[in-house]
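Everything below concerns the one structure shown next.
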Amino acid sequence: MNRLTIRARLTLVYGGLFLLAGLLLLAVTYALLYQRLSAHTLVAGTAGDLPPGLAAPPKGDAMYVKQIKENVTNETGQVLLTQGGIALGVIALAATAFGWLIAGRLLQPLHQVTATARRIADAPDRGLHERIALDGPRDEVKQLADTFDVMLARLDEAFDGQRRFIANASHELRTPLTLNRTLLEVAIDPDNASPELRHLGRTLLAVNARHEQLIDGLLLLARSERTVTDRSFVDLADIVEHVTAQLPPGKATVDCSPQEAPTTGNAVLLERLVHNLVENGVRHNLPDGGWVHVTSGSRPDGTVAVTVSNTGPAVPRYEVPRLFEPFRRFGPERIAGVPGAGLGLSIVRAVARAHGGSVHAEPRDGGGLVVTVILPTAPPDGGGFPT
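Below you can see the structure in the form of C-alpha coordinates.
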(Lines of atoms letter the chains of each structure in order from A and count residues from 1; the text may use other names and numbers.)
(Lines give C-alpha, C1' and ligand atoms only; values in the text may rest on other atoms or scores of the structure.)
Protein backbone atom coordinates (compact mmCIF):
# COMPACT_ATOMS: atom_id res chain seq x y z
CA MET A 1 0.00 0.00 0.00
CA ASN A 2 2.87 2.38 0.76
CA ARG A 3 4.23 1.92 -2.78
CA LEU A 4 1.03 3.22 -4.39
CA THR A 5 0.76 6.82 -5.49
CA ILE A 6 -1.52 9.25 -3.70
CA ARG A 7 -3.82 9.21 -6.72
CA ALA A 8 -4.12 5.41 -6.59
CA ARG A 9 -4.72 5.45 -2.85
CA LEU A 10 -7.41 8.12 -3.15
CA THR A 11 -9.06 6.11 -5.92
CA LEU A 12 -9.07 2.99 -3.77
CA VAL A 13 -10.52 4.97 -0.87
CA TYR A 14 -13.25 6.48 -3.07
CA GLY A 15 -14.14 3.11 -4.62
CA GLY A 16 -13.98 1.26 -1.31
CA LEU A 17 -16.21 3.75 0.50
CA PHE A 18 -18.75 3.74 -2.33
CA LEU A 19 -18.80 -0.07 -2.44
CA LEU A 20 -19.21 -0.28 1.34
CA ALA A 21 -22.05 2.25 1.28
CA GLY A 22 -23.72 0.36 -1.60
CA LEU A 23 -23.48 -2.97 0.20
CA LEU A 24 -24.95 -1.42 3.33
CA LEU A 25 -27.80 0.11 1.31
CA LEU A 26 -28.47 -3.20 -0.45
CA ALA A 27 -28.54 -5.06 2.89
CA VAL A 28 -30.96 -2.57 4.45
CA THR A 29 -33.22 -2.69 1.36
CA TYR A 30 -33.20 -6.49 1.40
CA ALA A 31 -34.02 -6.59 5.13
CA LEU A 32 -36.93 -4.14 4.79
CA LEU A 33 -38.33 -5.91 1.75
CA TYR A 34 -38.06 -9.36 3.37
CA GLN A 35 -39.71 -8.06 6.53
CA ARG A 36 -42.54 -6.52 4.53
CA LEU A 37 -43.18 -9.64 2.50
CA SER A 38 -43.03 -11.87 5.57
CA ALA A 39 -45.62 -9.72 7.31
CA HIS A 40 -48.20 -10.67 4.64
CA THR A 41 -47.57 -14.42 4.76
CA LEU A 42 -50.91 -16.22 4.82
CA VAL A 43 -51.45 -18.44 7.79
CA ALA A 44 -54.15 -21.04 7.39
CA GLY A 45 -57.29 -20.21 9.32
CA THR A 46 -56.01 -16.81 10.45
CA ALA A 47 -57.86 -14.00 8.76
CA GLY A 48 -55.95 -11.41 10.76
CA ASP A 49 -52.75 -12.30 8.90
CA LEU A 50 -54.25 -11.52 5.49
CA PRO A 51 -53.82 -8.23 3.69
CA PRO A 52 -56.82 -5.87 4.06
CA GLY A 53 -59.67 -6.57 1.61
CA LEU A 54 -58.87 -10.27 1.02
CA ALA A 55 -61.14 -13.09 2.21
CA ALA A 56 -59.70 -16.05 4.06
CA PRO A 57 -58.98 -19.02 1.77
CA PRO A 58 -60.52 -22.42 2.45
CA LYS A 59 -58.84 -24.32 5.23
CA GLY A 60 -57.41 -26.94 2.89
CA ASP A 61 -55.77 -24.33 0.69
CA ALA A 62 -54.19 -22.29 3.49
CA MET A 63 -50.94 -24.25 3.61
CA TYR A 64 -50.65 -24.17 -0.18
CA VAL A 65 -51.09 -20.40 -0.22
CA LYS A 66 -48.53 -20.00 2.54
CA GLN A 67 -45.99 -22.05 0.58
CA ILE A 68 -46.54 -19.97 -2.52
CA LYS A 69 -46.09 -16.81 -0.50
CA GLU A 70 -42.80 -18.06 0.96
CA ASN A 71 -41.56 -19.03 -2.50
CA VAL A 72 -42.41 -15.57 -3.82
CA THR A 73 -40.65 -13.97 -0.86
CA ASN A 74 -37.47 -16.01 -1.34
CA GLU A 75 -37.42 -15.51 -5.10
CA THR A 76 -37.93 -11.76 -4.70
CA GLY A 77 -35.05 -11.59 -2.23
CA GLN A 78 -32.74 -13.55 -4.54
CA VAL A 79 -33.61 -11.35 -7.52
CA LEU A 80 -32.98 -8.24 -5.41
CA LEU A 81 -29.60 -9.50 -4.26
CA THR A 82 -28.53 -10.71 -7.73
CA GLN A 83 -29.70 -7.76 -9.78
CA GLY A 84 -28.77 -5.28 -7.07
CA GLY A 85 -25.29 -6.82 -6.75
CA ILE A 86 -24.70 -6.57 -10.51
CA ALA A 87 -25.92 -2.98 -10.59
CA LEU A 88 -23.78 -2.15 -7.55
CA GLY A 89 -20.68 -3.67 -9.19
CA VAL A 90 -21.18 -1.71 -12.41
CA ILE A 91 -21.76 1.53 -10.54
CA ALA A 92 -18.79 0.84 -8.25
CA LEU A 93 -16.49 0.44 -11.26
CA ALA A 94 -17.85 3.65 -12.74
CA ALA A 95 -17.41 5.44 -9.41
CA THR A 96 -13.82 4.17 -9.15
CA ALA A 97 -12.99 5.42 -12.63
CA PHE A 98 -14.63 8.74 -11.84
CA GLY A 99 -12.68 8.90 -8.58
CA TRP A 100 -9.44 8.29 -10.54
CA LEU A 101 -10.21 11.25 -12.79
CA ILE A 102 -11.21 13.50 -9.90
CA ALA A 103 -8.11 12.56 -7.89
CA GLY A 104 -5.89 13.35 -10.88
CA ARG A 105 -7.60 16.69 -11.30
CA LEU A 106 -7.20 17.59 -7.64
CA LEU A 107 -3.54 16.50 -7.57
CA GLN A 108 -2.57 18.37 -10.74
CA PRO A 109 -1.15 21.36 -8.77
CA LEU A 110 1.12 18.97 -6.86
CA HIS A 111 2.52 17.73 -10.18
CA GLN A 112 3.45 21.32 -11.00
CA VAL A 113 5.21 21.68 -7.63
CA THR A 114 7.05 18.39 -8.23
CA ALA A 115 8.14 19.40 -11.74
CA THR A 116 9.53 22.71 -10.47
CA ALA A 117 11.38 21.00 -7.63
CA ARG A 118 12.88 18.49 -10.10
CA ARG A 119 14.12 21.27 -12.38
CA ILE A 120 15.71 22.98 -9.40
CA ALA A 121 17.39 19.73 -8.35
CA ASP A 122 18.79 19.22 -11.85
CA ALA A 123 20.10 22.79 -12.09
CA PRO A 124 20.64 24.09 -8.55
CA ASP A 125 21.92 27.57 -9.40
CA ARG A 126 19.66 28.33 -12.35
CA GLY A 127 16.65 26.70 -10.71
CA LEU A 128 16.71 29.00 -7.70
CA HIS A 129 15.44 31.78 -9.95
CA GLU A 130 12.35 29.79 -10.88
CA ARG A 131 8.99 30.14 -9.16
CA ILE A 132 5.90 27.94 -9.14
CA ALA A 133 3.45 30.88 -9.27
CA LEU A 134 0.46 28.55 -8.85
CA ASP A 135 -2.92 29.96 -9.81
CA GLY A 136 -6.17 28.85 -8.22
CA PRO A 137 -8.15 29.07 -4.98
CA ARG A 138 -6.28 29.61 -1.74
CA ASP A 139 -6.46 26.01 -0.57
CA GLU A 140 -3.80 23.89 1.09
CA VAL A 141 -1.98 23.20 -2.19
CA LYS A 142 -1.87 26.92 -3.06
CA GLN A 143 -0.44 27.69 0.38
CA LEU A 144 2.20 24.99 -0.08
CA ALA A 145 3.22 26.39 -3.48
CA ASP A 146 3.40 29.96 -2.14
CA THR A 147 5.52 28.83 0.81
CA PHE A 148 7.83 27.00 -1.60
CA ASP A 149 8.19 30.19 -3.67
CA VAL A 150 9.10 32.20 -0.56
CA MET A 151 11.72 29.60 0.38
CA LEU A 152 13.22 29.74 -3.12
CA ALA A 153 13.37 33.52 -3.03
CA ARG A 154 15.21 33.50 0.30
CA LEU A 155 17.64 30.80 -0.85
CA ASP A 156 18.32 32.69 -4.06
CA GLU A 157 18.98 35.89 -2.14
CA ALA A 158 21.23 34.09 0.35
CA PHE A 159 23.35 32.42 -2.35
CA ASP A 160 23.65 35.64 -4.35
CA GLY A 161 24.68 37.53 -1.23
CA GLN A 162 27.28 34.89 -0.42
CA ARG A 163 28.79 35.06 -3.91
CA ARG A 164 28.83 38.86 -3.88
CA PHE A 165 30.54 38.86 -0.49
CA ILE A 166 33.25 36.43 -1.65
CA ALA A 167 33.85 38.38 -4.84
CA ASN A 168 33.93 41.77 -3.10
CA ALA A 169 36.13 40.55 -0.26
CA SER A 170 38.54 38.91 -2.70
CA HIS A 171 38.80 42.05 -4.79
CA GLU A 172 39.43 44.15 -1.69
CA LEU A 173 42.16 41.79 -0.49
CA ARG A 174 44.02 41.60 -3.78
CA THR A 175 45.07 45.26 -3.65
CA PRO A 176 47.05 45.14 -0.37
CA LEU A 177 48.57 41.78 -1.33
CA THR A 178 49.81 43.22 -4.61
CA LEU A 179 51.25 46.18 -2.73
CA ASN A 180 52.96 43.84 -0.23
CA ARG A 181 54.51 41.82 -3.05
CA THR A 182 55.91 44.99 -4.65
CA LEU A 183 57.36 46.25 -1.37
CA LEU A 184 58.96 42.88 -0.62
CA GLU A 185 60.52 42.64 -4.06
CA VAL A 186 62.04 46.09 -3.58
CA ALA A 187 63.20 45.28 -0.03
CA ILE A 188 65.13 42.16 -1.04
CA ASP A 189 67.13 43.90 -3.76
CA PRO A 190 70.50 42.09 -3.72
CA ASP A 191 72.38 45.40 -3.90
CA ASN A 192 70.87 46.78 -0.70
CA ALA A 193 69.61 43.83 1.41
CA SER A 194 71.58 41.57 3.70
CA PRO A 195 71.39 37.77 3.29
CA GLU A 196 69.12 37.49 6.33
CA LEU A 197 66.75 40.12 4.94
CA ARG A 198 66.67 38.43 1.52
CA HIS A 199 65.84 35.08 3.15
CA LEU A 200 63.05 36.67 5.18
CA GLY A 201 61.78 38.47 2.10
CA ARG A 202 61.65 35.28 0.05
CA THR A 203 59.70 33.56 2.83
CA LEU A 204 57.21 36.41 3.00
CA LEU A 205 56.89 36.42 -0.79
CA ALA A 206 55.99 32.71 -0.69
CA VAL A 207 53.35 33.39 1.95
CA ASN A 208 52.04 36.33 -0.06
CA ALA A 209 51.90 34.21 -3.22
CA ARG A 210 49.90 31.57 -1.37
CA HIS A 211 47.41 34.19 -0.23
CA GLU A 212 47.11 35.53 -3.77
CA GLN A 213 46.49 32.01 -5.04
CA LEU A 214 43.81 31.51 -2.40
CA ILE A 215 42.04 34.74 -3.34
CA ASP A 216 42.20 33.94 -7.05
CA GLY A 217 40.69 30.55 -6.28
CA LEU A 218 37.87 32.11 -4.28
CA LEU A 219 37.15 34.53 -7.12
CA LEU A 220 37.06 31.72 -9.65
CA LEU A 221 34.89 29.58 -7.37
CA ALA A 222 32.39 32.40 -6.91
CA ARG A 223 32.25 32.96 -10.67
CA SER A 224 32.04 29.24 -11.48
CA GLU A 225 29.01 28.61 -9.29
CA ARG A 226 26.85 30.67 -11.62
CA THR A 227 25.25 28.94 -14.56
CA VAL A 228 27.06 29.69 -17.83
CA THR A 229 24.68 31.44 -20.20
CA ASP A 230 27.10 32.75 -22.84
CA ARG A 231 28.25 29.55 -24.54
CA SER A 232 30.41 28.71 -27.49
CA PHE A 233 31.55 25.49 -29.13
CA VAL A 234 34.45 23.80 -27.33
CA ASP A 235 36.25 20.54 -28.07
CA LEU A 236 37.60 19.11 -24.84
CA ALA A 237 40.25 17.20 -26.80
CA ASP A 238 41.88 20.51 -27.75
CA ILE A 239 41.85 21.65 -24.13
CA VAL A 240 43.39 18.38 -22.94
CA GLU A 241 46.21 18.66 -25.48
CA HIS A 242 46.84 22.31 -24.64
CA VAL A 243 46.89 21.81 -20.86
CA THR A 244 49.17 18.78 -20.91
CA ALA A 245 51.56 20.49 -23.34
CA GLN A 246 51.89 23.56 -21.09
CA LEU A 247 52.73 21.64 -17.91
CA PRO A 248 56.28 22.10 -16.64
CA PRO A 249 58.35 19.00 -15.87
CA GLY A 250 57.37 17.52 -12.52
CA LYS A 251 57.65 14.50 -10.32
CA ALA A 252 55.03 12.59 -12.34
CA THR A 253 54.87 11.69 -16.03
CA VAL A 254 51.81 13.14 -17.76
CA ASP A 255 50.42 11.58 -20.95
CA CYS A 256 47.12 12.08 -22.71
CA SER A 257 44.85 10.23 -25.15
CA PRO A 258 42.44 12.90 -26.36
CA GLN A 259 39.51 12.00 -28.56
CA GLU A 260 36.89 14.34 -29.95
CA ALA A 261 34.56 15.54 -27.19
CA PRO A 262 32.40 18.43 -28.46
CA THR A 263 30.50 20.48 -25.90
CA THR A 264 29.40 24.07 -25.35
CA GLY A 265 30.44 26.46 -22.62
CA ASN A 266 33.02 28.94 -21.44
CA ALA A 267 36.40 27.92 -22.84
CA VAL A 268 38.37 29.67 -20.07
CA LEU A 269 36.46 27.91 -17.30
CA LEU A 270 36.67 24.54 -19.03
CA GLU A 271 40.42 24.98 -19.47
CA ARG A 272 40.72 25.77 -15.76
CA LEU A 273 38.68 22.64 -15.01
CA VAL A 274 41.08 20.39 -16.93
CA HIS A 275 44.13 22.23 -15.57
CA ASN A 276 42.97 21.74 -11.97
CA LEU A 277 42.35 18.04 -12.56
CA VAL A 278 45.78 17.48 -14.08
CA GLU A 279 47.55 19.67 -11.51
CA ASN A 280 45.77 17.82 -8.72
CA GLY A 281 46.86 14.48 -10.21
CA VAL A 282 50.49 15.62 -10.39
CA ARG A 283 50.60 17.15 -6.91
CA HIS A 284 48.99 14.22 -5.10
CA ASN A 285 51.19 11.52 -6.56
CA LEU A 286 54.05 9.23 -5.66
CA PRO A 287 57.38 10.83 -4.67
CA ASP A 288 59.03 9.16 -7.65
CA GLY A 289 57.91 7.16 -10.67
CA GLY A 290 54.30 8.29 -10.66
CA TRP A 291 52.13 8.99 -13.70
CA VAL A 292 49.01 10.90 -14.71
CA HIS A 293 46.84 9.82 -17.64
CA VAL A 294 44.29 12.18 -19.23
CA THR A 295 41.61 11.08 -21.71
CA SER A 296 38.63 12.68 -23.40
CA GLY A 297 35.87 11.40 -25.62
CA SER A 298 32.18 10.90 -26.28
CA ARG A 299 29.99 8.48 -24.32
CA PRO A 300 27.20 6.20 -25.58
CA ASP A 301 24.58 8.11 -23.59
CA GLY A 302 25.12 11.29 -25.63
CA THR A 303 27.50 13.05 -23.25
CA VAL A 304 31.22 13.81 -23.33
CA ALA A 305 33.77 13.17 -20.62
CA VAL A 306 37.27 14.02 -19.43
CA THR A 307 38.95 11.42 -17.22
CA VAL A 308 42.12 11.94 -15.21
CA SER A 309 43.70 8.96 -13.44
CA ASN A 310 46.90 8.96 -11.43
CA THR A 311 49.08 6.97 -9.11
CA GLY A 312 49.36 8.11 -5.53
CA PRO A 313 48.42 7.25 -1.96
CA ALA A 314 45.45 4.98 -1.33
CA VAL A 315 42.30 6.99 -0.64
CA PRO A 316 39.46 5.38 1.35
CA ARG A 317 36.19 5.43 -0.54
CA TYR A 318 34.40 7.27 2.26
CA GLU A 319 36.93 10.13 2.00
CA VAL A 320 36.35 10.76 -1.72
CA PRO A 321 33.22 13.00 -1.45
CA ARG A 322 35.00 15.27 1.05
CA LEU A 323 37.79 16.01 -1.41
CA PHE A 324 35.36 18.16 -3.44
CA GLU A 325 34.62 20.44 -0.48
CA PRO A 326 36.52 23.76 -0.25
CA PHE A 327 39.73 23.70 1.80
CA ARG A 328 39.55 19.93 2.26
CA ARG A 329 42.71 17.87 1.81
CA PHE A 330 43.49 14.25 2.42
CA GLY A 331 46.05 12.96 4.92
CA PRO A 332 49.32 14.91 5.25
CA GLU A 333 48.09 17.48 2.71
CA ARG A 334 45.96 19.04 5.45
CA ILE A 335 48.96 20.57 7.17
CA ALA A 336 49.97 24.14 6.53
CA GLY A 337 52.77 24.99 4.16
CA VAL A 338 51.91 22.53 1.38
CA PRO A 339 51.24 23.88 -2.12
CA GLY A 340 47.71 24.70 -3.18
CA ALA A 341 44.78 26.38 -1.51
CA GLY A 342 42.48 23.37 -1.21
CA LEU A 343 40.09 24.70 -3.86
CA GLY A 344 41.15 22.69 -6.93
CA LEU A 345 38.46 20.00 -6.94
CA SER A 346 35.86 22.43 -5.55
CA ILE A 347 36.39 24.62 -8.61
CA VAL A 348 36.19 21.55 -10.85
CA ARG A 349 32.81 20.62 -9.39
CA ALA A 350 31.51 24.20 -9.60
CA VAL A 351 32.56 24.57 -13.26
CA ALA A 352 31.04 21.19 -14.17
CA ARG A 353 27.71 22.06 -12.54
CA ALA A 354 27.68 25.50 -14.15
CA HIS A 355 27.90 23.75 -17.52
CA GLY A 356 25.08 21.32 -16.72
CA GLY A 357 27.44 18.43 -15.98
CA SER A 358 28.75 16.43 -13.06
CA VAL A 359 31.98 15.07 -11.62
CA HIS A 360 32.70 11.93 -9.65
CA ALA A 361 35.83 10.17 -8.41
CA GLU A 362 36.71 6.58 -7.64
CA PRO A 363 39.74 5.20 -5.77
CA ARG A 364 42.12 3.45 -8.17
CA ASP A 365 43.39 -0.02 -7.43
CA GLY A 366 46.93 0.37 -6.11
CA GLY A 367 46.47 3.99 -5.02
CA GLY A 368 45.43 7.28 -6.58
CA LEU A 369 42.14 8.39 -8.03
CA VAL A 370 40.14 8.21 -11.24
CA VAL A 371 38.24 11.49 -11.64
CA THR A 372 35.66 11.81 -14.43
CA VAL A 373 33.88 14.98 -15.54
CA ILE A 374 30.73 14.44 -17.62
CA LEU A 375 29.29 17.30 -19.69
CA PRO A 376 26.44 17.58 -22.20
CA THR A 377 27.47 17.13 -25.79
CA ALA A 378 27.24 19.99 -28.25
CA PRO A 379 24.11 20.12 -30.45
CA PRO A 380 24.50 19.31 -34.17
CA ASP A 381 24.59 22.98 -35.13
CA GLY A 382 27.49 23.58 -32.74
CA GLY A 383 25.85 26.29 -30.67
CA GLY A 384 23.50 26.82 -27.80
CA PHE A 385 22.84 24.43 -24.98
CA PRO A 386 21.62 20.89 -25.63
CA THR A 387 18.20 20.09 -24.33
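Mapping to this note's numbering: the sequence shown position 139 is 206, numbers consecutive. Every residue gets a Cβ at the ideal spot worked out from N, C-alpha and C, and that includes glycine.
- The C-beta separation of ALA154 from LEU86 comes to about 12 Å, leaving the pair out of contact by the 8 Å criterion.
- The three-state reading of DSSP puts ASN347 in helix, counting H, G and I together.
- Residue pairing from DSSP places ILE441 in a beta bridge opposite ALA372, SER425.
- The C-beta distance from PHE300 to PRO325 rounds to 16 Å, too long to fall under 8 Å, and the pair is not in contact.
- Under DSSP, PRO430 shares a beta bridge with LEU436.
- One thing to note: GLY332 has its Cβ no nearer than 9 Å to the Cβ of ARG277.
- Taking a contact to require three or more Cβ pairs closer than 8 Å, the segment 202-215 and the segment 162-178 qualify as touching.
- Judged by their CB atoms, ARG389 and PRO430 are not nearer to each other than the 9 Å cut-off.
- In this structure, the alpha-carbon of PRO257 lies about 7 Å from that of ARG265.
- In the three-state DSSP reduction, ALA200 falls in the coil class, being neither helix nor strand.
- The continuous alpha helix (DSSP H) containing ASP223 extends over residues 207-254.
- Around ARG198, the same chain offers ASP216 as residues with beta carbons nearer than 6 Å, after the five sequence neighbours per side are excluded.
- Approximately 5 Å separates the beta-carbon atoms of HIS351 and GLY379; this is inside 8 Å, confirming the contact.
- Cα atoms of GLY357 and ASN377: separation of roughly 7 Å, rounded to the nearest angstrom.
- In this structure, the beta-carbon distance from ALA161 to LEU77 does not fall below 9 Å.
- GLY166 is positioned such that its CB atom lies no closer than 9 Å to that of LEU93.
- Nearest neighbour of GLY435 by Cα position, chosen from VAL349, ARG416, ALA200, turns out to be VAL349.
- Taking a C-beta distance under 9 Å as the contact criterion, VAL426 and VAL437 do not qualify as a contact pair.
- Here the C-alpha atom of LEU336 lies approximately 32 Å from the C-alpha atom of GLY433.
- Minimum Cα-Cα distance from GLU239 among the listed residues MET218, ASP283, HIS196, ALA225 corresponds to ASP283.
- Under the three-state reduction of DSSP, ASN352 is assigned to coil, being neither helix nor strand.
- A residue is called buried once 16 or more other Cβ atoms fall within 10 Å of its Cβ, and VAL345 is buried on that count.
- The shortest CA-to-CA distance from THR245 to any of ALA273, GLU327, LEU219 is the one to ALA273.
- For GLY357, the three-state secondary structure derived from DSSP is strand.
- Contact between LEU147 and TYR97 holds, since their C-beta atoms are separated by about 6 Å, short of 8 Å.
- For GLY317, the three-state secondary structure derived from DSSP is coil.
- When DSSP reads this structure, SER363 sits in a beta bridge with PRO325, VAL373.
- Within the same chain, and ignoring the five residues on either side of ARG248 in sequence, the residues whose Cβ sits closer than 6 Å to its Cβ are ASN275.
- Under the three-state reduction of DSSP, GLY411 is assigned to helix.
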